[in-house]
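J.:
There are 2 protein chains.
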Amino acid sequence: MSAGHTAVTDQVSDPGATEAVEDELVALEPCGLPEHPDCGIRDVLDRLGDTWSVLAVVELSSGTRRSSELKRALHGVSQRMLTLTLRRLERDGLVLRTVYPTVPATVTYELTDRGRSLTPLVQQLADWSLRHRAAIAESRREYDRATTASDRA
Amino acid sequence: MSAGHTAVTDQVSDPGATEAVEDELVALEPCGLPEHPDCGIRDVLDRLGDTWSVLAVVELSSGTRRSSELKRALHGVSQRMLTLTLRRLERDGLVLRTVYPTVPATVTYELTDRGRSLTPLVQQLADWSLRHRAAIAESRREYDRATTASDRA
DNA sequence: CTGAATCCGAAAGGATACTG
DNA sequence: CAGTATCCTTTCGGATTCAG
Chain A
137 MSAGHTAVTD QVSDPGATEA VEDELVALEP CGLPEHPDCG IRDVLDRLGD TWSVLAVVEL
197 SSGTRRSSEL KRALHGVSQR MLTLTLRRLE RDGLVLRTVY PTVPATVTYE LTDRGRSLTP
257 LVQQLADWSL RHRAAIAESR REYDRATTAS DRA
Chain B
137 MSAGHTAVTD QVSDPGATEA VEDELVALEP CGLPEHPDCG IRDVLDRLGD TWSVLAVVEL
197 SSGTRRSSEL KRALHGVSQR MLTLTLRRLE RDGLVLRTVY PTVPATVTYE LTDRGRSLTP
257 LVQQLADWSL RHRAAIAESR REYDRATTAS DRA
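Top line first, the protein sequences correspond to chains A and B. If you use the working numbering, the first sequence corresponds to residues 137 to 289, in order. If you use the working numbering, the second sequence corresponds to residues 137 to 289, in order.
#1: Give every residue of the same chain whose Cβ lies closer than 6 Å to the Cβ of A/T242, excluding the five residues on either side of it in the sequence, and list them in chain order.
#2: Kindly list the residues whose CB is nearer than 6 Å to the CB of A/R250, restricted to its own chain and excluding five residues on each side of it in sequence; keep chain order.
#3: Going residue by residue through the stretch 218-265 of chain A, where are the continuous beta strand (DSSP E) segments of at least 3 residues, counting only ones entirely within it?
#4: State the beta-bridge partners of A/V144 as determined by DSSP.
#5: Let me confirm a value: A/V239 is counted as buried when at least 16 other C-beta atoms fall within 10 Å, else exposed. Which label applies?
#6: For A/R183, which residues from the same chain have a beta carbon less than 7 Å from its beta carbon, with the 5 sequence-adjacent residues on both sides left out?
#7: So with CB distances below 7 Å, who are the chain B contacts of A/R276?
#8: I'd like to know whether the C-beta of B/T219 is nearer than 9 Å to at least one C-beta of chain A.
#9: Under 8 Å: do the stretch 197-207 of chain A and the stretch 197-204 of chain B share three or more Cβ pairs, one atom per stretch?
#10: Report yes or no: is there a C-beta of chain B within less than 9 Å of the C-beta of A/Q126?
#11: Compare the C-beta of A/V239 with all C-beta atoms of chain B and state if any pair is closer than 9 Å.
#12: Report yes or no: do three or more beta-carbon pairs, one from the stretch 244-258 of chain B and one from the stretch 264-280 of chain A, lie closer than 8 Å?
#13: I'd like to know if A/G185 contacts chain B, where contact means its C-beta is closer than 9 Å to some C-beta of that chain.
#14: Only counting runs of 3 or more residues, tell me where the beta strand (DSSP E) segments fall wholly within the stretch 176-218 of chain B, in order along the chain.
#15: Nearest CA to the CA of B/A95: which residue from A/D179, A/D146, A/A143?
#16: How should A/S275 be labelled, buried or exposed, when 16 other C-beta atoms within 10 angstroms of its C-beta is the threshold for buried?
#17: Take A/Q215 and list the residues in its own chain whose beta-carbon comes closer than 8 Å to its own, dropping the five residues that flank it on each side.
#18: Candidates B/T187, B/H268, B/E278: which alpha carbon is nearest B/L220's?
#19: Which chain A residues are close to B/S265, counting only those with a beta carbon under 7 Å from its beta carbon?
#20: Are there 16 or more other CB atoms within 10 angstroms of the CB of A/T244, so buried, or fewer, so exposed?
#21: Determine the chain A residues that contact B/Q260 at a beta-carbon separation under 9 Å, and present them in chain order.
#22: Distance check for B/A282 and A/A143, CA to CA, integer angstroms please.
What follows is the structure, encoded as structure tokens:
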């Protein structure tokens, strides 16, 4: 990155900057669990739900990346979904997008503080997935074998 | 669930029972990150991605639940999605389904060991979501306000 | 009570072609 | 290189209805 001079970061302002204390459990006043429909937990979880968000955060957790680098790291991602995913992460204040006014456009992405606060969780998810993916695949085969042939029990 | 005598659990067999060591980081040999397409991480993450799986796991983390109880706990869920969600979790070996041969059918769901190993992660996700949802909502408003009016910088 | 089946609208997401 | 727009297919997921 060095030579960037007039890079344009998509800093709209500084929303939610006062969230500061990242390591203090919230009170859960309105609703503590899924009992409530409009609780808003799903709004956030849905972001982790789409196909590429988690992988993008994992990749960005090791440092700033260019768009093309992310494209390669996320492998099967289409240009469209890459952009959409990063836009949503940026919109949520998890990722900072910086545009360098170079000849062939240069754009970098990096995690914000909020995004970094999510890193350990996302890393654990990736670890868990890797640790269990074989057993899960086996469970699925078993399940399918037991259900397709005859019906269950 | 006291009186159950001949309850039928959907035990197909015991696939992946030898995964045992739940607290040892995996080696990540084949591929450590999203670099690889057929790595299989997404197969697992996708399960966390759908709308109700995480919420179901959270609810089941506090104990065995009947179908109707889950239906109420997950609030807006439709009968169809409740069944689908639980079936997928069962297929992945995260949830155990038990049918009691009572007059009006009785079915309970509970986490398996594998499902329980996921509980802390899911709980952290829920916590994180609650802790940040306000700030994220604010970021979204800011972002939308800055982009709908004029185009970005 | 629990769940399977059908119908159908709404998204997610890939492929491609086109701009700066 | 980075991103937008369009098209098109697949899946998600709700509503309803029927069955054990």
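Each residue gets a CB set at the ideal place from its N, CA and C atoms; glycine is no exception. As the structure is a prediction and not an experimental result, all values here were calculated from the model.
T.: With the structure as the only source:
#1: Y236
#2: G229, L230
#3: 231-236, 242-247
#4: A/V235
#5: So A/V239 counts as exposed.
#6: S189, R224, D228, listed in sequence order.
#7: R227, D228
#8: no
#9: By the C-beta criterion, the stretch 197-207 of chain A is judged not to be in contact with the stretch 197-204 of chain B, since fewer than 3 inter-stretch pairs fall below 8 Å.
#10: Lying before the first or after the last residue shown, residue 126 of chain A is absent from chain A, which here runs from 137 to 289.
#11: no
#12: yes
#13: yes
#14: Fully contained in the stretch 176-218 of chain B is no beta strand (DSSP E) run of length 3 or more.
#15: Residue 95 of chain B lies beyond the residue range present for chain B, which begins at 137 and ends at 289; the question has no answer from this structure.
#16: buried
#17: K207
#18: B/T187
#19: By Cβ distance, chain A contributes I177, V180, L181.
#20: Buried is the call here.
#21: P256, L257, Q260
#22: 18 Å
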